[in-house]
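Q:
Protein chains in written order, with our numbering: chain A, 3 to 340; chain B, 3 to 340.
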């Protein structure tokens, strides 16, 4: 394959080229140190070894543009996105399957870099890639690479979570600054003519969610991805009927995010994070949860950013002391962010 | 949503339009009769109820063009493809996750038809859709709709399968005519200027694979999809070193498939099936397996089509009495067949 520089349609046809694509790119990067967990590229389906407990599953698709951005790329993002969905639902992530839709003409060098980054993110998250599939789509479709990942984990019995547990008076926590991912992807698009050293927050949040295991004050967790923090608040509001009140002055926000949003007219509340957790907790235990997060490097900027109140809308208490309704996201502020 | 005729980028942004797309199309079609197995569109990850046994997983992507073809469409195909991969690996398929990459501008009417067909195929196969994700990609990408499905099942302890069990003298069986799917998709492409009443064989093969459960003569099963029967023979040959000898006169082949292949210069051995099973079995039990298949409506044209011999290549014994090497598939005869 070394003499071929780009993926061709023949790499998708089920024959020799596809076999080489899979063995020389995907299996090459996804190989593990333990022979028992090797990706079997000849199998139609693979057996899973799951520990005791209730299995949980989650799936996510990735079409981020550009494929690489400061702080990550579509490969690492496809690991983090699904690992994080399992984590905030109270599971320990264990295994992942991968679907790749590769555009004809993609450079092998790029594909190696993206899949290599995916493999590295999987190793860091202690999860194994157990099965995969590749398709090649004609030039012009597919935008280089789309990925889909499906994650399987086991529920942590010490994490009892549900939106139905949320009560008025509960506190809202976030594990770090919001909007970094959305802003970093924006800056990576030449169309904006901006640059900066802001990195995406794309990361595995399992260390954050597992740190709260066993804390009875915890009610609910979610990662604020597409639609951002505002959309998580609306999901809580829609499902519980309770008002969600955010305190702008407590909201962790990096200066470049604030600056870019002011310049371009975006609201950081709607911008995607890919390595943050929003948690709802009983008021009396919320300080302890905050301490658990702040003790971790990736949670050191965690904050209590608001609270749940009796029936009502989603409200932002502004730094100037006013109140602003936070509407549900309608139009498309920033497509292809994940 | 009734006033909107086409999918827009705003349907992918995480806000209200995406929520409506998911509830009015995907959740609408995927709803089930049992409340316990409802798709929870508000959850990051869902708990699975798995019976005792070893869990198995498989994943597959779908980019077939055109989206609809005689005998099926990308929706039903995305169910059959993954259900079949689990089935031939010896599992009972139970749950599926779905990723949809939808092209901006796709008509809602078309999306409803495809996802409705997907839901119907899932019900027929007795599997539940437990989780999903949708992304909208810009007009020109995505070719209408790509799907990826990941299936979870439980291994049947009475199906002991493996290529390593294959021995010289074993027989090769196929559950029905080959090449129907590939030919039907070809005929559905206007570019060929052909028409005919041939249907894709796209179907759930679990009834075929479970019919062989407990038969000790059975060694191995695989569904001949991309790359067709020839590619399955090469996989056996490459993994075992044994020669695979096909008998052309025993090969079930429909007249329209034969005719189209002769006209266009395709070899039906390389054309995809999406509802057939290839099995390898000990010679002494192979007639009984054949009877099990022929007793089923979908296996009534099953045949013993060849055998495994000592070390050597993949060979076709032609109807004229000659022998022809069957090469591994290299160039792309027919892209976007699944």
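Here a beta-carbon is modelled for each residue, glycine too, at the ideal position from N, C-alpha and C.
#1: Which residues in chain A have a C-beta closer than 9 Å to the C-beta of residue 209 of chain B? List them in chain order.
#2: Between residue 301 of chain B and the rest of its own chain, which residues show a CB-CB distance below 6 Å, the 5 nearest in sequence each way excluded?
#3: Could you name each continuous beta strand (DSSP E) segment of 3 residues or more that falls completely within the stretch 170-243 of chain A, going from the start of the chain to the end?
#4: Cβ atoms of residue 154 of chain A and residue 57 of chain B: under 9 Å apart, would you say?
#5: My assumption, with CB atoms under 8 Å, is that residue 28 of chain A sits in contact with residue 164 of chain A. Please give the rounded CB distance.
#6: CB residue 221 of chain B to CB residue 292 of chain B, shorter than 9 Å?
#7: In the DSSP assignment, find the beta strand (DSSP E) that holds residue 104 of chain B and state where it starts and stops.
#8: Would you give the residue range spanned by the alpha helix (DSSP H) that residue 325 of chain A belongs to?
#9: Within a Cβ cutoff of 6 Å, which residues of the same chain sit near residue 4 of chain A, ignoring the five residues on either side of it in sequence?
#10: I believe residue 79 of chain B touches residue 340 of chain B by the beta-carbon criterion, under 8 Å. Please report the beta-carbon distance rounded to the nearest angstrom.
#11: Taking a Cβ distance cut-off of 9 Å, strictly less, list which residues of the stretch 107-141 of chain B are near chain A, in chain order.
#12: Less than 9 Å between CB atoms is the rule here; does residue 154 of chain A satisfy it with respect to chain B?
#13: Taking only beta-carbon positions, decide if residue 46 of chain A is within less than 9 Å of chain B.
#14: List the residues of chain A whose Cβ lies closer than 9 Å to the Cβ of residue 330 of chain B, in chain order.
#15: Have a look at A:147, A:107, A:260 and flag the residue whose alpha-carbon is nearest the alpha-carbon of residue 184 of chain A.
#16: Using the Cα positions of residue 277 of chain B and residue 94 of chain B, report the straight-line distance between them to the nearest angstrom.
#17: Within a Cβ cutoff of 8 Å, which residues of the same chain sit near residue 298 of chain A, ignoring the five residues on either side of it in sequence?
#18: For residue 7 of chain B and residue 187 of chain A, I'd like the C-alpha separation in whole angstroms.
#19: What do you reckon, are the CB atoms on residue 71 of chain A and residue 190 of chain A nearer than 9 Å?
#20: Inspect the beta-carbon positions of residue 87 of chain B and residue 101 of chain A and report whether they are closer than 9 Å.
#21: Which residues does DSSP pair with residue 381 of chain B in a beta bridge?
#22: Work out the CA separation of residue 15 of chain B and residue 333 of chain A for me, nearest whole Å.
#23: In whole angstroms, what is the alpha-carbon distance linking residue 253 of chain B and residue 136 of chain B?
#24: Please check if any C-beta of chain A sits within less than 9 Å of the C-beta of residue 82 of chain B.
#25: Pull up the distance between the alpha-carbon of residue 74 of chain A and that of residue 18 of chain B, whole angstroms please.
#26: What is the DSSP secondary structure of residue 66 of chain A, reduced to helix, strand or coil?
#27: To be precise: take each residue of the stretch 276-305 of chain A, compare its Cβ to all Cβ atoms of chain B, and keep it if any distance is under 9 Å. Which residues remain?
#28: For residue 43 of chain A, name the three-state secondary structure that DSSP assigns.
#29: List the residues that DSSP assigns as beta-bridge partners of residue 142 of chain A.
#30: Name, please, each residue of chain A whose Cβ falls closer than 8 Å to the Cβ of residue 206 of chain B.
#31: In whole angstroms, what separates the C-alpha of residue 143 of chain B from that of residue 265 of chain A?
#32: May I ask you to verify whether the stretch 216-234 of chain B touches the stretch 108-127 of chain B, counting CB pairs closer than 8 Å and requiring at least 3?
#33: Residue 279 of chain A to residue 33 of chain B, Cα distance in whole Å?
#34: Excluding the 5 residues preceding and the 5 following residue 233 of chain A in the sequence, name in chain order all residues of the same chain whose CB lies nearer than 8 Å to its CB.
#35: List, in order along the chain, the chain B residues whose C-beta lies closer than 7 Å to that of residue 62 of chain A?
#36: List, in chain order, every chain B residue whose beta-carbon is nearer than 9 Å to that of residue 58 of chain A.
A: Based on what the coordinates show:
#1: Near residue 209 of chain B there are no residues of chain A at all, since even the closest Cβ is about 17 Å away, more than 9 Å.
#2: 177, 210, 295
#3: 173-176, 220-224
#4: yes
#5: Actually they do not touch by this definition, with Cβ atoms about 37 Å apart.
#6: no
#7: 93-105
#8: Note, residue 325 of chain A: premise wrong, no alpha helix (DSSP H); beta strand (DSSP E) at 325-327.
#9: In this predicted model, residue 4 of chain A has a pLDDT of only 48, less than 50, meaning its place in the structure is not dependable enough to derive any value.
#10: 6 Å
#11: 132, 133, 134, 135, 136, 137, 138, 139, 140
#12: yes
#13: yes
#14: 17, 18, 21
#15: A:260
#16: 16 Å
#17: 209, 210, 213
#18: 30 Å
#19: yes
#20: no
#21: Here chain B comprises residues numbered 3 to 340, so residue 381 of chain B is not present and cannot be evaluated.
#22: 8 Å
#23: 41 Å
#24: no
#25: 28 Å
#26: coil
#27: none
#28: coil
#29: None, per the DSSP bridge assignment.
#30: By Cβ distance, chain A contributes nothing, its closest Cβ being about 14 Å from residue 206 of chain B, past 8 Å.
#31: 30 Å
#32: no
#33: 30 Å
#34: 226, 272, 330, 331
#35: 135
#36: 47, 48, 49, 50
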